[in-house]
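Position one of the sequence shown corresponds to residue 1146 (this note's numbering), numbered consecutively onward. A virtual CB, placed ideally from N, CA and C, is assigned to each residue, including glycine. These numbers come from a predicted model, not from an experiment. Structure first, commentary second.
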Amino acid sequence: MLHVKDISVVYDAHVVLHNISLSAARGQHVSIMGESGSGKSTLLKAIYGLLRLQSGALFWNDQLLLGPDHNLVPGEDFMKYVAQDLDLMPFISVEENIAKFLSRSHPEESKARAQELIELMGLQEVAQQKAQFLSGGQKQRVALARALAKEPSILLLDEPFGQIDNSKRNLLRRKLFNYLKKREITCLVATHEAADALSYADQVVILRSGKLVAKANPNLLYQNPNDHYVASLFSDVNVLPRKWFDANAPSEKEILLYPHEIQVVDAGAITAEVTQSYYLGTHYLIASVTEGSTLLFNHKNALFKGTEVALSISEKLLKHR
Ligand code: ADP
Ligand code: MG
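Following this line, the structure appears as structure tokens:
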């Protein structure tokens, strides 16, 4: 179990993390989300032991982690960290880059393990290529394979799929995260992709300007976002006066609605004028205007610019959000 207890980190007199606390049990998947600059990378670096803490402490089970002032080599043995900037050895092959992180005393086993990791990361075709000739996405996959080589207890991943093409990303995400679950490797994943968090996280931690503003399971957080900031990390979201749907609501009260939660009806609470339809494959995202503000909703068909639509939301949604 990893415990992060009330840690703060300061860069040049500027507080970048303010009193962050979280815990991750064995095999748990924790997503760290937040806008760019919110402190995701700093949090992972601090946990790995690369940064001096201004206050607070880190524990692995009951053992206090001592950090950069006490470790000759930065980082902890039972953890692996895959940074946003990968440092592969450019002049040796993919397979050798991975093998360097495996035991030399059992060459047969190490070879089999390297093959397993190459397959897991889909690197078969480039296994013998020198790392310097790989694409950004391929490098990212080699860095992941290398981090897994000697199974760590905790894996810290900083935007692990950022450079990987869409066509490979979903498959890789499924393979990697299922592998970590099966082997009970705890992982903390900094991401700004909703798909990383919603489908895999046991716990989502939201950072904003270095502060932890929410911590919950993804379903709960998606259904009950604290505010626009949290909701907008998952999807497009509308912030609308509650009064539009409930005449009795106080005028300052707002309601957060995702585009799929708003339906076109024959006669509804509000009317809006369509400004644009965006094709998304399974449906259209429709932009519209009502009372001067933009409102986004989903619809199965495209709608012409200028069309007047009546819109409504379910009673249940109005009650619980
Ligand atoms: P994120 O990963 O969420 O984009 P970071 O953890 O990289 O955010 O950065 C958080 C804040 O810390 C930002 O304001 C950034 O400018 C600042 N910062 C990051 N690294 C350094 C550094 N080495 N020195 C000074 N400030 C830094
Ligand atoms: Mg970052």
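Return the first residue and the last residue of the alpha helix (DSSP H) that residue i is part of.
i     : result
P1363 : P1363 to Q1368
L1189 : K1185 to Y1193
L1289 : G1281 to L1293
Does the beta-carbon of residue i have 16 or more other beta-carbons within 10 angstroms, so that it is buried, or is it exposed?
i     : result
T1427 : exposed
E1264 : exposed
A1257 : exposed
S1459 : exposed
V1375 : buried
P1370 : buried
A1288 : buried
M1266 : buried
G1437 : exposed
Q1208 : exposed
N1242 : buried
G1355 : buried
D1310 : exposed
N1393 : exposed
G1194 : buried
For residue i, report the span of its beta strand (DSSP E) as first-last.
i     : result
D1151 : L1147 to Y1156
L1301 : I1299 to D1303
I1165 : H1159 to A1169
A1202 : S1200 to W1205
V1119 : A query on residue 1119 cannot be resolved here, the shown segment of the chain reaching from 1146 to 1466 and no further.
Q1273 : Element bounds for Q1273: n/a, residue is neither H nor E.
Q1408 : Q1408 to V1410
Is residue i near residue j, with beta carbons less than 8 Å apart?
i     : j     : result
A1294 : L1231 : no
M1178 : T1336 : yes
V1227 : L1325 : no
I1152 : S1183 : no
K1275 : I1237 : yes
L1385 : E1397 : no
L1333 : A1169 : yes
R1197 : D1214 : yes
L1401 : A1417 : no
P1404 : D1372 : no
T1480 : L1162 : In the structure as shown, the chain begins at 1146 and stops at 1466. Residue 1480 is therefore absent and cannot be evaluated.
V1434 : V1175 : no
P1297 : I1330 : yes
A1268 : V1239 : Residue 1268 is actually Leu in this sequence, not Ala. Yes, they are a contact pair.
L1455 : D1391 : For clarity, residue 1455 is Ala in the given sequence; the question names Leu instead. Not closer than 8 Å, so no.
F1204 : H1159 : no
V1409 : F1449 : no
N1323 : D1347 : no
Exercise for review: List in chain order: all unbroken alpha helix (DSSP H) runs of 4+ residues lying wholly within the stretch 1324-1398.
Suggested key: The DSSP assignment places complete alpha helix (DSSP H) segments of no fewer than 4 residues inside the stretch 1324-1398 at 1339-1345, 1363-1368 and 1373-1379, in order along the chain.
Practice item. Measuring from each Cβ to the nearest heavy atom of the ligand ADP, keep the ones under 5 Å and list them in chain order. Key: Listed along the chain, these residues meet the criterion: Y1156, V1161, S1181, G1182, S1183, G1184, K1185, S1186 and T1187.
Exercise for review: Jot down the residue ranges of each uninterrupted beta strand (DSSP E) in the stretch 1413-1466, minimum 3 residues, whole runs only, in chain order.
Suggested key: Considered as a whole, the stretch 1413-1466 harbours 1415-1424, 1429-1435, 1438-1444 and 1453-1457 as its complete beta strand (DSSP E) runs of no fewer than 3 residues, in chain order.
Point to revise | Whole alpha helix (DSSP H) elements within the stretch 1212-1251, 4-residue minimum | key: 1239-1244, all fully within the stretch 1212-1251.
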